[in-house]
Amino acid sequence: MENTEILTPVMVLVGWTLFILIWLYAKRIPAMSKAKIKPDDSLNQDLSTALPLSARQVAANYNHLMEQPTIFYAAAIAIALMGHVDQTAIYAAWAYVILRILHSLVQCIYHKVMHRWTLFMLSSLALGVLVVNELMKLFG
Numbered sequence: 001m002e003n004t005e006i007l008t009p010v011m012v013l014v015g016w017t018l019f020i021l022i023w024l025y026a027k028r029i030p031a032m033s034k035a036k037i038k039p040d041d042s043l044n045q046d047l048s049t050a051l052p053l054s055a056r057q058v059a060a061n062y063n064h065l066m067e068q069p070t071i072f073y074a075a076a077i078a079i080a081l082m083g084h085v086d087q088t089a090i091y092a093a094w095a096y097v098i099l100r101i102l103h104s105l106v107q108c109i110y111h112k113v114m115h116r117w118t119l120f121m122l123s124s125l126a127l128g129v130l131v132v133n134e135l136m137k138l139f140g
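Residues 1 to 140 (our numbering) are what the sequence shown spells out, left to right.
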């Protein structure tokens, strides 16, 4: 198994994050224009009440993709660099990425909190499997 194989799901999540960034601006710029909010005004105005929920949901999801996935990126890159890629790591990495993409879709499209929470917990479990699998190799 190639050690770089684990970097494919990493790049898929990076690409997804950039897609969400584009979606954020596609929602936010028209919403700010409609609400007559100028970019400088946004420094002094609470956008969480000034913009419609559909624009805020995508922005919130982009922020979420800057949080826990950083642990995933660090773990996956470390596993690749140490040459410890195995089938468990690959499955856990892909599970994490697929679940995070589903989490994004739920948050951005219809925002059912329990669905989103379930996907977050499942993705956290996949991340836990990835990390524990590696820790067992390091200290096991």
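Beta carbons: idealized from backbone N, C-alpha and C, even for Gly.
Buried versus exposed call for Phe139 [16 or more other C-beta atoms within 10 Å across all chains shown]: Counting from 1 along the sequence shown, the entry for residue 139 is found at position 139. Counting Cβ neighbours within 10 Å, Phe139 comes out exposed, since fewer than 16 surround it.
Close Cβ partners of Leu119 (< 7 Å) along its chain, the five nearest in sequence each way excluded: For this step, residue 119 is matched to residue 119 along the sequence shown. So the qualifying residues of the chain are Leu99, Leu102, His103 and Val106.
Cut-off 6 Å between Cβ atoms - residues of its own chain near Phe72, not counting five sequence neighbours on either side: Within the sequence shown, the letter at position 72 stands for residue 72. Excluding positions up to five away in sequence, the list reads Tyr96 and Leu127.
C-beta contact flag for Ala59 and Val10 at 8 Å: Residue mapping note: residue 59 aligns to position 59 of the sequence shown, counting from 1. Residue mapping note: residue 10 aligns to position 10 of the sequence shown, counting from 1. Result no, Cβ atoms of Ala59 and Val10 do not sit closer than 8 Å.
Residue from Trp23, Lys36, Gln87 and Asp46 whose Cα sits closest to the Cα of Gln57: Here residue 57 refers to the residue found at position 57 of the sequence shown. That would be Trp23, whose Cα lies nearest to the Cα of Gln57.
Three-state class that DSSP yields for Gly83 in the structure shown: The residue labelled residue 83 in the question sits at position 83 within the sequence shown. Reduced to three states, the DSSP call for Gly83 is coil.
Lys27 vs Ala55 beta-carbon contact at 8 Å: Along the sequence shown, read from residue 1 onward, the residue named residue 27 stands at position 27. Along the sequence shown, read from residue 1 onward, the residue named residue 55 stands at position 55. The answer is yes: Cβ separation under 8 Å.
Cβ-Cβ separation, Ile90 to Glu5 (assumed contact under 8 Å), whole Å: Indexing the sequence shown from 1 puts residue 5 at position 5. Indexing the sequence shown from 1 puts residue 90 at position 90. Indeed they touch by this definition, with Cβ atoms about 6 Å apart.
Close beta carbons around Ala31, own chain, < 7 Å, minus the five adjacent residues each side: The sequence position of residue 31 within the sequence shown is 31, counting from 1. Excluding positions up to five away in sequence, the list reads Leu51, Pro52 and Ala55.
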